[in-house]
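Mapping of the sequence shown onto the numbering used here: position 204 corresponds to residue 595, and the numbering continues sequentially without gaps.
Positions of the beta carbon are idealized from the N, C-alpha and C atoms, including for glycine.
Predicted, not measured: the structure shown is a model, and the values here were computed from it.
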Amino acid sequence: MREILRGDLEVLNLASVLQLIEAEAVTGVMTFDQGAEIRFKHGQLVSALIGRRSGVQAVEEMFLTPLASFVVTQAEVDEERVLGMMTGVIMSGLRLSDEWARLSALVLGPRPGREIKDPALAALVAHMDGGRTVVEVVQAAGTFPVVAIDPIVRGLDEGLLREVSAPAPERAKAALSPPSPEEYYPLIDVGRTFLKNGQLVEAEAAFRRAQMARPDDRLAEQNLKRVLQLKQQRA
Numbered sequence: 392m393r394e395i396l397r398g399d400l401e402v403l404n405l406a407s408v409l410q411l412i413e414a415e416a417v418t419g420v421m422t423f424d425q426g427a428e429i430r431f432k433h434g435q436l437v438s439a440l441i442g443r444r445s446g447v448q449a450v451e452e453m454f455l456t457p458l459a460s461f462v463v464t465q466a467e468v469d470e471e472r473v474l475g476m477m478t479g480v481i482m483s484g485l486r487l488s489d490e491w492a493r494l495s496a497l498v499l500g501p502r503p504g505r506e507i508k509d510p511a512l513a514a515l516v517a518h519m520d521g522g523r524t525v526v527e528v529v530q531a532a533g534t535f536p537v538v539a540i541d542p543i544v545r546g547l548d549e550g551l552l553r554e555v556s557a558p559a560p561e562r563a564k565a566a567l568s569p570p571s572p573e574e575y576y577p578l579i580d581v582g583r584t585f586l587k588n589g590q591l592v593e594a595e596a597a598f599r600r601a602q603m604a605r606p607d608d609r610l611a612e613q614n615l616k617r618v619l620q621l622k623q624q625r626a
């Protein structure tokens, strides 16, 4: 194994690096600080992984995820099957990134009197409570942006969805930034304060972020269940 490129995606964007790998017909692995990786054979995508996503969707998700340092290493790659043409995957990732930048901070809801037949969109609408941003809706639904973007775009284009409140970019940005384990108890305290004041949307967001900080700790889960019960009673 031999390192051939190292950099920061705040300086070199992902599309540019992938185009270089294709142009130079690199065989090897691109790894990121967050544990994600992409494998190439003769400059073509053969494997990708980020969190629980794999394949082309994983590469598309990387265009939406704040990734920092990367290393490209020349190495033998066992995979033979090409996932897709590099140019097509890059164009798809850039399109989804643009759509996510447009949608993430919006607060959407279903348009009265319109029937939603698309199961993927209906699953998202179930979590649109008039307060959540699109980012928070996607997280509450337990899915991923690459899965949710196109159903939401179609819903807006077809008039099935509408903006029900002003965009909330700061909340969306906070929801996209993974909290550290040290933020767990402060987030619990913030969530309890919101809960005490009856601000259920804000309390839910705080407890969900606490869950992200320490997924195995049940304190956040217990508080979140209480918030969801109260929201159901109010509905």
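Should residue i and residue j be called a contact, given that it needs their Cβ atoms to be closer than 8 Å?
| i | j | result |
| --- | --- | --- |
| residue 466 | residue 516 | no |
| residue 476 | residue 405 | no |
| residue 491 | residue 536 | yes |
| residue 398 | residue 413 | no |
| residue 436 | residue 473 | yes |
| residue 570 | residue 604 | yes |
| residue 697 | residue 450 | In this structure the chain extends from 392 to 626, so residue 697 is not present and cannot be described. |
| residue 500 | residue 482 | no |
| residue 431 | residue 461 | no |
| residue 529 | residue 539 | yes |
| residue 532 | residue 579 | no |
| residue 512 | residue 487 | no |
| residue 556 | residue 522 | yes |
| residue 468 | residue 418 | yes |
Tell me which residues share the same chain as residue i and place their Cβ nearer than 6 Å to its Cβ, disregarding the 5 neighbours each side in the sequence.
| i | result |
| --- | --- |
| residue 563 | 495, 496, 524, 526 |
| residue 553 | 502 |
| residue 444 | 452 |
| residue 505 | 551 |
| residue 566 | 526, 527 |
Could you check where the alpha helix (DSSP H) with residue i kicks off and where it finishes?
| i | result |
| --- | --- |
| residue 548 | 536–548 |
| residue 378 | Residue numbering for the chain in the displayed model covers 392 to 626; residue 378 lies beyond these limits and cannot be assessed. |
| residue 440 | No alpha helix (DSSP H) holds residue 440; the beta strand (DSSP E) holding it covers 435–441. |
| residue 413 | 405–414 |
| residue 528 | 525–531 |
Take residue i and list the residues in its own chain whose beta-carbon comes closer than 7 Å to its own, dropping the five residues that flank it on each side.
| i | result |
| --- | --- |
| residue 591 | 618, 621, 622 |
| residue 593 | 585 |
| residue 582 | 594, 597, 598, 601, 614 |
| residue 446 | 439, 474 |
| residue 400 | 458, 459, 461 |
| residue 608 | 575 |
| residue 425 | 458 |
Looking at the C-beta of residue i, does it have a partner C-beta in chain B at a distance below 8 Å?
| i | result |
| --- | --- |
| residue 584 | The chain inventory of the structure shown lacks chain B, comprising one protein chain alone. |
At what residues does the beta strand (DSSP E) containing residue i begin and finish?
| i | result |
| --- | --- |
| residue 553 | 552–556 |
| residue 397 | 393–399 |
| residue 422 | 419–423 |
| residue 428 | 428–432 |
Is residue i near the ligand NAP - that is, is its Cβ less than 7 Å away from at least one heavy atom of it?
| i | result |
| --- | --- |
| residue 572 | As far as ligands go, the structure on display features none, and thus does not contain the ligand NAP. |
Just mark residue i as buried or exposed, buried being the case when its beta carbon has 16 or more other beta carbons within 10 Å.
| i | result |
| --- | --- |
| residue 480 | buried |
| residue 498 | buried |
| residue 478 | exposed |
| residue 392 | exposed |
| residue 471 | exposed |
| residue 546 | buried |
| residue 416 | exposed |
Return the chain-ordered list of same chain residues with a C-beta closer than 8 Å to the C-beta of residue i, the five sequence neighbours on each side being excluded.
| i | result |
| --- | --- |
| residue 448 | 535, 537, 538 |
| residue 485 | 406, 454 |
| residue 507 | 501, 513, 516, 546, 551 |
Contained beta strand (DSSP E) runs [length at least 3] in the region 457–516, N- to C-terminal order: 460–465, 498–501
Sequence ranges, alpha helix (DSSP H) only - wholly within the region 563–614, length at least 4: 575–587, 591–604
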